[in-house]
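Let me begin by presenting the structure, written as structure tokens, before commenting on it.
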Amino acid sequence: MVSSYEKIKLSIAVIIIALSILIILSFNSYWINGIFDQSEIIDKTKNYINVKNVTGGLGALVSNFFITIFGIASYVLTSFTILIGCKILFDLKKIKIFKILTIHMFLLIWIPLFCSIFPKPHLTGKIGLTTSHDLTILVGNAGLVTLLTISLFIFLLLTLNINKKHLAFIKQKALQYVNNKKSNTNIKLKKDQDVARQDIQENANNNILNIDTKKTENKESKTIVNVAKDENTVDKNKTLKGTINNDLLEYKFPDLHLLKEYPKNKISIDETEVETNKKLIEDTLRDFKIDVQIKRATIGPTITLYEIIPNKGVQIAKIKNLENDIALRIKAIGVRIIAPLPGKGTVGIEVPNQNPTIVSMKNVIESEKFQNAQFELPIALGKTISNETFVLDLTKMPHLLIAGATGQGKSVGLNTILCSILYKKHPSQVKFILVDPKKVELTLYNKIEKHFLAKLPGEEDAIITDTKNVVKTLKSLCIEMDRRYELLKKIEVRNIQEYNSKIKSYQANKTQNLKSLPYLVLVIDEFADLIMTAGKEVEIPIARLAQLSRAIGIHLIIATQRPTTNIITGTIKANFPTRIAFRVIQGVDSKTILDAVGANQLIGRGDMLISTGSSLTRIQCAFIDTEEVEKLTTFIGDQLGYHNPFDLPLLADEDGKKDQVDEKDRDPLFRDAALLIVIHQQGSTSMIQRKLKLGYNRAGRIIDQLEAAGVLGPLEGSKGRKVLIETEEELNKLI
750 MVSSYEKIKL SIAVIIIALS ILIILSFNSY WINGIFDQSE IIDKTKNYIN VKNVTGGLGA
810 LVSNFFITIF GIASYVLTSF TILIGCKILF DLKKIKIFKI LTIHMFLLIW IPLFCSIFPK
870 PHLTGKIGLT TSHDLTILVG NAGLVTLLTI SLFIFLLLTL NINKKHLAFI KQKALQYVNN
930 KKSNTNIKLK KDQDVARQDI QENANNNILN IDTKKTENKE SKTIVNVAKD ENTVDKNKTL
990 KGTINNDLLE YKFPDLHLLK EYPKNKISID ETEVETNKKL IEDTLRDFKI DVQIKRATIG
1050 PTITLYEIIP NKGVQIAKIK NLENDIALRI KAIGVRIIAP LPGKGTVGIE VPNQNPTIVS
1110 MKNVIESEKF QNAQFELPIA LGKTISNETF VLDLTKMPHL LIAGATGQGK SVGLNTILCS
1170 ILYKKHPSQV KFILVDPKKV ELTLYNKIEK HFLAKLPGEE DAIITDTKNV VKTLKSLCIE
1230 MDRRYELLKK IEVRNIQEYN SKIKSYQANK TQNLKSLPYL VLVIDEFADL IMTAGKEVEI
1290 PIARLAQLSR AIGIHLIIAT QRPTTNIITG TIKANFPTRI AFRVIQGVDS KTILDAVGAN
1350 QLIGRGDMLI STGSSLTRIQ CAFIDTEEVE KLTTFIGDQL GYHNPFDLPL LADEDGKKDQ
1410 VDEKDRDPLF RDAALLIVIH QQGSTSMIQR KLKLGYNRAG RIIDQLEAAG VLGPLEGSKG
1470 RKVLIETEEE LNKLI
């Protein structure tokens, strides 16, 4: 709906433009019929007036009034009113009222004076005649022409921003013209051979001059403002697809309509803000005797990057030390200086926008870059300063460390990572192990327990909240890691991608009954709390997993709000090359997480820095609220899932025995597997997989249950397990 104020404003603009056009028509008609119309108006003996002006008697009067006073400069007045009308009608922010008023005032005075040189009084108007007469008495005709020339030159110099570089360009062109003339004269006087040689030399000289000219033209003093454009997106009603295995063939990937659209999701340019900040930056640096030229301003979702070129002899360290001074002048929360910008030869100054843009999760998910990403575990974190969706592959990281003060966007960042994978991957391809000591951050993911979560056998909750269970889970993951390496060794491959590819060929040829291995993603929130309560019991298995688990598809995402050295130790940092820092309080915390300062200069609310080992990238994290996560997990949870969550291996207790399994917790195929083992007198996991058509993890769990029940003996190195039951009668008595 258009407000009443907007309607009135548009109406006024249309009226101004229409009246201006009518006045222009009356001016044009005046030059043809002005003398006749005036005689008709002055003659009071007639009962009616017969004017020939196309705008009637009123137009004849108006045109006569303005042209008599201003002459041909009357068109300047209509030009001004038309520009004002267009500014109001189309909301043209580029048109500055003060600037165009100054220009038109100058032209309104200069044009009549210029016309006074010629014997055409009707072109000059009364103002031009009177002023030129007085000036001629003072300085003469030559002085008047000189004044007009100087004033025009100064006007063009100020209006068109002509500087020394443009004058140098003109000088270069003049020299080129003179050199060409000299070359032509010399060519006529010399022999043909010399002429050919001089032609070559002349062409070379001309090329050098052209190159210099191009360089001069490219070096403009005017600041280039780049507004980040929105990326191409997929169809809003389209459901994202992914590659699936033979499990859960009816599974439907989440729709985009589950996510919200926010009103402030388009980047808008405010030239006034950009110009004000530009001037404040220049003035601040000039106060410290640092002269710079601002080359470019790139406007992003939450910050604007100003690229400056310091003059020769200016130390970059001096500019870097003025972060707080610039922040004080601009009145911004935090200003970050990048000195120098990698690969650009400029210094970057990041200034927060007064009206930041919300980067929605929907906008990130529907982007073409995320949809077409051919990654194993794609993660869409948000938008860069150039408004590009920032997508990484978790398998290439291969682990992720996240830190940030309370309330700066860390939990939203975790949800963004999890939801990115949920939108791209099938339940058979990835499983999450979620650790939530606070017990409230990740509870919404309970709904997808039978689709995407993994847990220890016998545990009630898939989301781990107790420290003891965290230690058990980490040890279980280490066992799973060792098992997977045995599988890779068995079929002679180096990583999980090669393993799954080879398994598909086995399945196609029906040579072995093996299943693809899903990726396992361990997500730990509040890592500091675990270190404080469990210490080395948590740190050691995490360090082992971080060092060895990449190849077999186990990846870690650890988050903490205390990035101190006793929490993020050297062992942890060495194995987490990819790190994300939301806003922290102190510069030392930024150094701990990123090995560089900068995170303490962020503005919060999802503003973050990501280090991939070689460089830092500033990103605005995508926003997803609790309601969106709930809709997403409900959509997945309402679909048909597996009978149970993905089971992690059982642990051995302190005495070397497996945890006892209650009869009610036994696998439904426990009896069939026991009977097979007794009949064949062979305690092999691969045999159970083949005969009962099970996956490796479930078959391994049944083997553990058979050992706990006394059917099989313990594992003895490379030897097979000993079968403790010889007949079916003994088996029936036992179970």
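Numbering (the numbering used here), first residue to last: 750 to 1484. For glycine and all other residues, C-beta sits at the position ideal for the given N, C-alpha and C.
### Query
For A1292, which option in E1377, L1305 and I1352 has the closest C-alpha, if you only look at C-alpha atoms?
Residue L1305 is the option with its Cα nearest to A1292.
#### Entry: Cβ-Cβ separation, K1199 to G1390 (assumed contact under 8 Å), whole Å
3 Å
### Message
To the nearest angstrom, how far is the alpha carbon of K1224 from that of L1400?
### Response
7 Å
### Task
Throw me the rounded Cβ distance for the T1366 and I1373 pair, which I believe falls under 8 Å.
Contact flag wrong, Cβ pair sits at about 20 Å.
### Query
In whole angstroms, what is the alpha-carbon distance linking L1381 and M1110?
12 Å
### Task
Please list, in chain order, all residues of the same chain as G808 whose beta carbon is under 6 Å from its beta carbon, the five residues on each side excluded.
S775 and N802
### Task
Give the DSSP-derived three-state secondary structure of S1360 in the structure shown.
strand
### Query
Around the Cβ of I1065, are there at least 16 other Cβ atoms within 10 angstroms (buried) or fewer (exposed)?
Burial call: exposed.
### Message
Using the Cβ count rule (16 or more neighbours within 10 Å means buried), how would you classify S1364?
### Response
exposed
### Query
Helix, strand or coil: how does DSSP classify R1447 here?
helix
### Query
Out of curiosity, what's the CA-to-CA distance linking S970 and F1201?
Residue placement at S970 cannot be trusted, given a pLDDT of 45 that sits under 50; what the coordinates show is reported in the next sentence. Taking the straight line joining both Cα atoms gives about 56 Å.
### Task
Could you pull out every residue in the same chain whose Cβ sits closer than 8 Å to the Cβ of I993, ignoring the five residues on either side in sequence?
Reliability fails at I993, whose pLDDT of 46 lies under 50, so the model's placement of it is uncertain and the value that follows must be treated cautiously. Y1000, H1175, S1177 and Q1178, listed in sequence order.
### Message
Does the stretch 1157 to 1176 come into contact with the stretch 1322 to 1332, if we say contact requires no fewer than three beta-carbon pairs (one atom in each stretch) closer than 8 Å?
### Response
Counting Cβ pairs under 8 Å, three or more are found: they touch.
### Query
Among the residues of its own chain, which have a CB less than 6 Å from the CB of E1072, if the five just before and after it don't count?
Only V1084 and I1086 meet the Cβ criterion.
#### Entry: Span separating the alpha-carbon of E1235 from that of S1250
17 Å
### Query
Start and end of the beta strand (DSSP E) containing E1056?
I1052 to P1059
### Query
Apart from the five residues just before and just after A945, which ones in its own chain have a Cβ nearer than 8 Å to its Cβ?
For A945, the predicted model reports a pLDDT of 42, less than 50, meaning its position is unreliable; a value from the coordinates is still stated below. Result list for A945: empty, nothing under 8 Å.
### Task
Tell me, to the nearest whole angstrom, how far the beta carbon of A1277 is from that of T1309; I am working on the premise that it is less than 8 Å.
5 Å
### Boundaries of the alpha helix (DSSP H) in which R1420 is found, first to last residue
F1419 to H1429
#### Entry: Classification of L1077 by the beta-carbon crowding that lies within 10 angstroms, buried from 16 upward
exposed
### Query
Who does K1132 pair with in a DSSP beta bridge?
Beta-bridge pairing links K1132 to T1138 and Q1369.
### Query
For chain E, is any of its Cβ atoms less than 8 Å away from the one on Y754?
Although the question refers to chain E, the structure presented lacks it and comprises just one protein chain.
### Those runs of the alpha helix (DSSP H) which lie wholly inside the stretch 1041 to 1119 and span at least 4 residues
1065 to 1069, 1072 to 1079 and 1110 to 1114
### Task
Could you spell out where the beta strand (DSSP E) holding F1331 opens and where it closes?
Unbroken run through F1331: none, as it is neither H nor E.
### Task
Consult DSSP for T1434 and reduce its assignment to one of helix, strand or coil.
helix
### Task
Leaving out five residues on either side along the sequence, give the residues of the same chain with a beta carbon under 6 Å from the beta carbon of D948.
Note that D948 scores a pLDDT of 45, beneath 50, so its modelled location is shaky and nothing firm can be said.
### Query
Roughly how many angstroms separate the alpha carbons of G697 and N1136, rounded to a whole number?
Residue 697 is absent from the structure shown; the chain starts at 750 and stops at 1484.
### Message
Taking its Cβ as the centre, do 16 or more other Cβ atoms sit within 10 Å of K939, making it buried, or is it exposed?
### Response
Interpretation of K939 is limited by its pLDDT of 47, a score under 50 that renders its predicted location unreliable; the figure taken from the coordinates is listed afterwards. So K939 counts as exposed.
### Message
Given this structure, state the Cα-to-Cα distance separating G889 from H871, to the nearest angstrom.
### Response
22 Å
### Query
Taking the DSSP output, what are the residues bridged to Y1395?
Here the sequence assigns Phe to residue 1395, which means Tyr is not the residue at that position. According to DSSP, F1395 bridges with A1203.
### Task
Would you list the residues sitting across from R1470 in a DSSP beta bridge?
G1432
### Which of helix, strand or coil DSSP assigns to F1181
strand
### Task
Work out the CA separation of Y1055 and I1128 for me, nearest whole Å.
29 Å
### Task
In the DSSP assignment, find the unbroken alpha helix (DSSP H) run with L1564 in it and report its ends.
The requested residue 1564 is not part of the displayed model; the chain covers only 750 to 1484.
#### Entry: CA nearest to the CA of M1357, picked from A1448, K1221, K1132 and D1215
Of A1448, K1221, K1132 and D1215, the residue nearest in Cα terms is K1132.
### Query
Hey, would you say F855 sits closer than 8 Å to F904, going by beta carbons?
yes
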